[in-house]
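Taking it in order: structure first as structure tokens, then the write-up.
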Amino acid sequence: MGANRPRRSAPRSSRVVAVPAPIARVLVDSPLPQLDRLFDYAIPKSLTDAALPGVRVRVPLRSAGRIADGFIIELAPRGDYPGPLSELDSIVSPIPVLTPEVWALARRVADRAAGSAIDIVRLAVPTRQVRVEKAWLAVADRRALTPIAAAPIESYGEAVIEGVIAGNKRIALDAIPRVREVGADGATHWVGDWAVTLAAAATATVAGGRSAIIAVPDYRDQEQLAAALCAVLPPERIVRLDARQSNPDRYRALLRCLEHEALAIIGNRSVLYAPAPTLGLIAVWDDGDPLHSEPLAPYVHTRDAALVRQQQQGTALIFAGHTRSTDVERLVEVGHLGSVSPERLILPKIVPTMQQSGGDRLAAGARIPSSAWSTARKALESGPVLIQVGRPGYAPRLACVDCGQTARCVRCEGPLAQRSARAAPACQWCGALAAQWRCSSCEGSHLRSIGFGAARTAEDLGRAFPGVRVVVADGERPVMTIGPDPALVIATRGAEPVADGGYRAVLLLDGERMVARESLRVGEDCLRWWSNAAALCGPGATTVLVGVGGDLASALVTWRQADYARAELVDRHRLRFPPAVRVATITGTSDAVSVAVASLAVAPEDVLGPVELAAGGVRTIVRMSYGQAAGVAAQLRAETIRAATSRRSRAIRPEATVRPAPGLRVRFDDVEPFLEA
DNA sequence: AGCACGCCGACT
DNA sequence: GTCGGCGTGCTC
18 MGANRPRRSA PRSSRVVAVP APIARVLVDS PLPQLDRLFD YAIPKSLTDA
68 ALPGVRVRVP LRSAGRIADG FIIELAPRGD YPGPLSELDS IVSPIPVLTP
118 EVWALARRVA DRAAGSAIDI VRLAVPTRQV RVEKAWLAVA DRRALTPIAA
168 APIESYGEAV IEGVIAGNKR IALDAIPRVR EVGADGATHW VGDWAVTLAA
218 AATATVAGGR SAIIAVPDYR DQEQLAAALC AVLPPERIVR LDARQSNPDR
268 YRALLRCLEH EALAIIGNRS VLYAPAPTLG LIAVWDDGDP LHSEPLAPYV
318 HTRDAALVRQ QQQGTALIFA GHTRSTDVER LVEVGHLGSV SPERLILPKI
368 VPTMQQSGGD RLAAGARIPS SAWSTARKAL ESGPVLIQVG RPGYAPRLAC
418 VDCGQTARCV RCEGPLAQRS ARAAPACQWC GALAAQWRCS SCEGSHLRSI
468 GFGAARTAED LGRAFPGVRV VVADGERPVM TIGPDPALVI ATRGAEPVAD
518 GGYRAVLLLD GERMVARESL RVGEDCLRWW SNAAALCGPG ATTVLVGVGG
568 DLASALVTWR QADYARAELV DRHRLRFPPA VRVATITGTS DAVSVAVASL
618 AVAPEDVLGP VELAAGGVRT IVRMSYGQAA GVAAQLRAET IRAATSRRSR
668 AIRPEATVRP APGLRVRFDD VEPFLEA
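Counting from 18, one number per residue, gives the positions in the first sequence under the numbering used here.
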């Protein structure tokens, strides 16, 4: 940028002197990796006033033969492009919706992930809504908002969290496992204590004249946080910004973020890309939840976006949770994050129960030991009881009566399951009803169910506790809250409602099955699911963990999740597994992948693969140290562009048997396929 | 992605 | 002689 400064110093009477016609550098909205850079455009006279950095524009793009969308990133007196410049076609809206901070974040985050900045910008900036914009512009007088008074943040020692915020420190924060009642506008809500703490932290930030961004994994968490915030901040200080909103709502929220007064901005993962007036705090709740991992390219995790933005803007940073992800533990160990725990430990009462049950003859009895039964029975006298199960539906798996083989769809080989007691068995992949099912190995035609889904558990428990209300909460039928009256709440992990006053007891079922799952993160995930459920207990309530022993059970019982993460990380270091190392998953045509991998400066033992993919093409996983990652990402980006521009790969094999997706795809830090490699 | 430019075979 | 095939490369 310095090279493009005007040559002459500005004359005194600037109005009469012709300024050299400035050019606009534009980020074009195109999915093509080779267009992920700035293009210079001349600014026509009619647009000089409105052509400001951050505005959405339309520009001609020769080869696409059309007008493309884009954003002015910067203005310069002259460009370095030697050819003749095209002119900006038009300015979509005069509002600079892409702020310099968000642009810098998008660029850096995309570079780290070997992806396109525009893919991040698209998450950051919703499309323009004319009506919303007009309404916003019509509010001419933006009166100063009333100042906010900070209340002390409880339970973490005097001024500890306030010090973190004021000193722009970075910490991992252990949340307190209990529920609290918060009141706003006469109504009261029960929320996790974590929401109260983060709301208080946001308030302290806003009171200091700075904004706070808080990212939560899902809508249920967002509702809790919103309720806690409403109790301590006026509504004009709170902005919600998430993917679930309609586009007009998102645009309205974005415009509010462009105002100048400090705000508390909450939402799910993409909230990290919100513009924020003087950002002072970034907080992430439960960073181990997979919902924090962005499913769209370039697949940037909330945690990474938070770390980059913290570094760029020098804000305070809080990763809060009941458990500690190995990723956050690693950051604590390298000294990037401090660690803050509650002043006084509040431990939920947790009892592990290795299997073998009392003699209840009901089906559910087979997996609920008698001690858990009696805990539930007693607790149901005074309030709601939570039963956490592993799977939704009725029968999560079906098998052939005759040979025991898992029943599979005749069309696509997907596993069959039963949604409810009366539903016909159907394929879990393609949804086809298995009407004329025949066992593929023994020709049998009768099915039996394997395992228990939430609906089946509900049915059995309802029979065991006649007259008690039974509520099923899962991904399909979400339940946010439960009243204080006795009820059996059967919820799949992660879908547990918050109960008024907390649950009187919590039963964690199917643990054995959850632990048996093949995944790098099973341990972390299970501990997180169980801890989050146990944290919903009311005072004195008992959590029973059924059928699991060992390190996981003792980490839960002693409530020492950080110790578990530490031990887990030692193993990951020994095995060179993430997050001890970073990994890049490279997929594409066999040629493109092997050329790309060969160009990387990594040791041969860190190249895992290639493996053939069913969809065609191959996949190779490359692991690297954190120090190597920037170089590897840059190289993979160059290879992606090369694969996208040279068409030889397609021409060489016109009659290939399976047609793989053209080009090269790169994804960083996707741990799921790691074990298969 | 689209679209123009460019360098070799059948054509009025 | 030239019309047009698609392989190659660029997009301010």
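The beta carbon of each residue, even a glycine, is placed where N, CA and C say it ideally should be.
What does the alpha-carbon distance come out to for the pair residue 4 and residue 424? The chain is shown only over 18 to 694; residue 4 falls outside these bounds and no answer can be derived.
Under the assumption that residue 319 contacts residue 286 (Cβ atoms under 8 Å), give the Cβ distance between them as a whole number of angstroms. A Cβ-Cβ separation of about 4 Å places residue 319 in contact with residue 286 under the 8 Å criterion.
For residue 366, the three-state DSSP class (helix, strand or coil): Of the three classes helix, strand and coil, the one that applies to residue 366 here is strand, per DSSP.
Taking the continuous alpha helix (DSSP H) assigned at residue 540, which residues delimit it? Its alpha helix (DSSP H) spans residues 539 to 551.
What are the boundary residues of the beta strand (DSSP E) that includes residue 640? 635 to 641 is the span of the beta strand (DSSP E), which, as asked, contains residue 640.
Do residue 472 and residue 410 count as a contact pair if the criterion is CB distance below 8 Å? Yes.
Residues bridged to residue 56 by DSSP? Residue pairing from DSSP places residue 56 in a beta bridge opposite 43.
Segments assigned alpha helix (DSSP H), at least 4 residues, entirely inside the segment 168 to 243: Those alpha helix (DSSP H) runs which fall completely within the segment 168 to 243 and span 4+ residues are 177 to 183 and 210 to 224.
Can you round the beta-carbon distance between residue 563 and residue 385 to whole angstroms, since I take them to be within the 8 Å contact cut? Contact holds; Cβ gap of about 7 Å.
Between the alpha carbons of residue 690 and residue 613, how many angstroms are there, rounded? So the alpha carbons of these two residues sit roughly 19 Å apart.
Since residue 128 is in the alpha helix (DSSP H), which residue starts that stretch and which ends it? Its alpha helix (DSSP H) spans residues 117 to 129.
Could you give the DSSP three-state label for residue 86: helix, strand or coil? Judged by DSSP in its simplified three-state form, residue 86 adopts strand.
Limits of the unbroken alpha helix (DSSP H) element including residue 326: For residue 326, the enclosing alpha helix (DSSP H) covers residues 319 to 330.
How is residue 768 classed by DSSP in three states: helix, strand or coil? Here the chain has residues from 18 to 694 only, and residue 768 is not among them.
Excluding sequence positions up to five away, which residues of its chain have a Cβ less than 6 Å from the Cβ of residue 685? Excluding positions up to five away in sequence, the list reads 130 and 601.
Taking the continuous alpha helix (DSSP H) assigned at residue 429, which residues delimit it? Where residue 429 is concerned, there is no enclosing alpha helix (DSSP H), given that its DSSP letter is neither H nor E.
Nearest candidate by alpha-carbon position, reference residue 606, set 588, 617, 427 and 631: Of 588, 617, 427 and 631, the residue nearest in Cα terms is 631.
Just the C-alpha distance for residue 353 and residue 335, rounded to the nearest angstrom, thanks. Their backbone Cα atoms lie some 12 Å apart in a straight line.
Contact between the segment 229 to 242 and the segment 203 to 215 is defined here as three or more beta-carbon pairs at a separation below 8 Å; is this criterion met? Yes, the segment 229 to 242 touches the segment 203 to 215.
Spatial distance of residue 206 from residue 357 (CA atoms): Near 27 Å, if we compare the C-alpha coordinates of residue 357 and residue 206.
Opening and closing residue of the beta strand (DSSP E) in which residue 417 lies: Taken as a continuous stretch (DSSP letters only), the beta strand (DSSP E) holding residue 417 covers 414 to 417.
Specify the secondary structure class of residue 288 as computed by DSSP and reduced to three states. Helix at residue 288.
Burial state of residue 87 (16 or more Cβ within 10 Å): Buried, by the Cβ-count rule.
Going by DSSP in three states, residue 31 sits in which element: helix, strand or coil? Residue confidence is low: residue 31 scores 41 on pLDDT, short of 50, so the model does not pin down where it sits. Its coordinate-derived value is still stated next. Residue 31 sits in coil when the DSSP states are folded into three classes, being neither helix nor strand.
Residues near residue 651 by beta carbon distance below 8 Å, same chain, minus five either side: Scanning its chain for C-beta atoms nearer than 8 Å, with the 5 sequence neighbours on each side dropped, one finds around residue 651 the residues 128 and 131, in chain order.
Identify the continuous beta strand (DSSP E) that holds residue 703 and give its terminal residues. The question about residue 703 has no answer here: the residues shown for the chain are numbered 18 through 694.
Quick one: what's residue 554 bridged to in DSSP? Paired residue(s): 520.
Could you check whether residue 138 and residue 123 sit closer than 8 Å to each other, using their CB atoms as the reference points? Taking 8 Å as the Cβ cut-off, residue 123 and residue 138 qualify as a contacting pair.
Go through its chain and collect everything with a Cβ distance to residue 146's Cβ below 8 Å, but skip five positions before and after it. If you ignore the 5 residues before and after residue 146, its C-beta comes within less than 8 Å of the C-beta of 264, 265, 268 and 269, all in its own chain and listed in chain order.
Nonlocal neighbours in the same chain, by C-beta distance under 8 Å from residue 239, ignoring five residues either side: For residue 239, same chain residues with a beta-carbon under 8 Å away, outside a window of 5 residues either side, are 233, 257, 259, 283, 284 and 285 in chain order.
N- and C-terminal bounds of the alpha helix (DSSP H) containing residue 578: Its alpha helix (DSSP H) spans residues 578 to 592.
Decide if the segment 616 to 624 is in contact with the segment 634 to 651; the criterion is three or more beta carbon pairs, one per stretch, under 8 Å apart. Below 8 Å, enough C-beta pairs join the segment 616 to 624 and the segment 634 to 651 to call them touching: three or more.
Tell me the DSSP secondary structure of residue 528 in three-state form. Secondary structure of residue 528 (DSSP, three-state): helix.
Contacts around residue 461, its chain only, beta-carbon distance under 8 Å, and the 5 residues preceding and following it disregarded: Here the set comprises 417, 418, 419, 420 and 455.
Since residue 450 sits in a beta bridge, which residues does DSSP pair it with? DSSP, once it has assigned bridges, lists 443 as partnering residue 450.
According to DSSP, residues forming a beta bridge with residue 405: Answer is 508 and 525, bridged to residue 405.
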